[in-house]
Amino acid sequence: MQEVQKYLSKFAKNVIKESRSRLSKSSKRDTNNLYGSLGYQLDVFKNSFSLSFFMEEYGAFVDEGVQGKKSSAKAPQSPFRFGTGSGRKGGLTEAISKWIERKGIQGRDKQGRFISNKSLTTLISRSIYNKGIAPSMFFTKPFENAFKNLPDEIIEKFNLDIDELIESSLNT
């Protein structure tokens, strides 16, 4: 089990490292909250193991994208969708407002006049809500690539299935 623990620890560290790298390269690293929250927990027992990845709750949305209320073109495979009523009311608008403030963005209308931050927040939020968010796959791709490099003995011994592992990792 020492060898299994060594391989799985290396696997998890590689997934976290590559996920952080992809977050940075894809410009999805705004406040560093998601970047800093990426981690894992590995527990190895006599005949089994438990490997859990964790991140901020919104990390799954960034990774898998979100289908829009009117269009699913940006994230057709995503299990998430705006307008289902399961999310917090006003959460998107609040986040966009803070983002605009942090970035110092000032909107303009067609005549070149400045518009209020509230109006800009409404316009951006409405667009995201209706069109969705494209998936970044910042976690999924590194996970799949690292999984391919695991020794065959480990995969066979524990009868690992990549789809089940990704699903359970994102749900924790």
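In my numbering, the protein residues as written are 29 to 200. Ideal placement from N, C-alpha and C gives every residue a C-beta, glycine not left out.
When Phe39, Phe142, Tyr86, Gln33 are compared against Pro163, the one with the closest alpha-carbon | On the sequence shown, residue 163 is found 135 positions in, with the first residue counted as 1. In terms of CA proximity to Pro163, Tyr86 leads the group Phe39, Phe142, Tyr86, Gln33.
(message) According to DSSP, is Leu51 part of a helix, a strand, or is it coil?
(response) Counting from 1 along the sequence shown, the entry for residue 51 is found at position 23. Helix, per DSSP.
>> Quick check on this structure: which residue in Phe89, Thr149, Arg57 has the alpha carbon closest to the alpha carbon of Ile161?
In response: Position 133 of the sequence shown holds residue 161. Measuring from the Cα of Ile161, the nearest candidate turns out to be Phe89.
ask   = Below 9 Å between beta carbons: does that hold for Ile133 and Leu36?
value = In the sequence shown, residue 133 corresponds to position 105, counting from 1. In the sequence shown, residue 36 corresponds to position 8, counting from 1. No; because the gap between Cβ atoms is not below 9 Å, this pair is not in contact.
Check the C-beta distance from Phe110 over to Val94 and give it rounded, since I have them as a contact under 8 Å. Stepping through the sequence shown from its first residue, residue 110 is reached at position 82. Stepping through the sequence shown from its first residue, residue 94 is reached at position 66. Rounded, the Cβ-Cβ distance is 6 Å, consistent with contact.
Quiz item: Got a sec, what are the start and stop residues for the alpha helix (DSSP H) Gly119 sits in?
Solution: Mapped onto the sequence shown, residue 119 falls at position 91. Run containing Gly119: 119-131, per the alpha helix (DSSP H) assignment.
The alpha helix (DSSP H) spanning Leu62 covers which residue range?
Here residue 62 refers to the residue found at position 34 of the sequence shown. Looking at the DSSP string, the run of the alpha helix (DSSP H) that includes Leu62 is 61-65.
Please work out which residues of its chain come closer than 7 Å, Cβ to Cβ, to Glu84, disregarding the five sequence neighbours upstream and downstream, and give them in chain order. On the sequence shown, position 56 is the one that residue 84 refers to. Cβ within range, chain order: Asn61, Leu62, Ser65.
**Prompt:** How far does the alpha helix (DSSP H) with Leu151 in it reach, from first residue to last?
**Reply:** Along the sequence shown, one-based indexing puts residue 151 at 123. Start and end: 145-159.
query: Apart from the five residues on each side of it in sequence, which residues of its chain come closer than 6 Å, Cβ to Cβ, to Gln33?
result: Working through the sequence shown from its first residue, we reach residue 33 at position 5. Contacts found: Val72.
Query raised in the report: What first and last residue would you give for the alpha helix (DSSP H) that runs through Phe89?
Result: Numbered from 1 along the sequence shown, position 61 holds the residue referred to as residue 89. Segment 87-92, the alpha helix (DSSP H) holding Phe89.
Chain-order list of residues whose beta-carbon lies under 7 Å from that of Phe166 (same chain, five-residue window excluded): Within the sequence shown, residue 166 is the residue found at index 138, counting from 1. Here the set comprises Ser47, Arg50, Leu51, Ser54, Lys56, Val90, Asp91.
Practice task
Could you give the DSSP three-state label for Leu178: helix, strand or coil?
Solution key: For this step, residue 178 is matched to residue 150 along the sequence shown. Residue state, collapsed to three classes: coil.
| query | Assuming Glu153 contacts Thr121 under a Cβ cut-off of 8 Å, what Cβ separation, rounded to an integer in Å, is found between them? | reply | As a first step, residue 153 must be located in the sequence shown, where it is residue number 125. As a first step, residue 121 must be located in the sequence shown, where it is residue number 93. It is worth fixing the name first, because residue 153 is Ser in this sequence and not Glu. Ser153 to Thr121, Cβ: 5 Å. Contact.
**Request:** Look up Leu79 in the DSSP assignment and give the residues it is bridged to.
**Result:** Counting from 1 along the sequence shown, the entry for residue 79 is found at position 51. DSSP, once it has assigned bridges, lists Leu70 as partnering Leu79.
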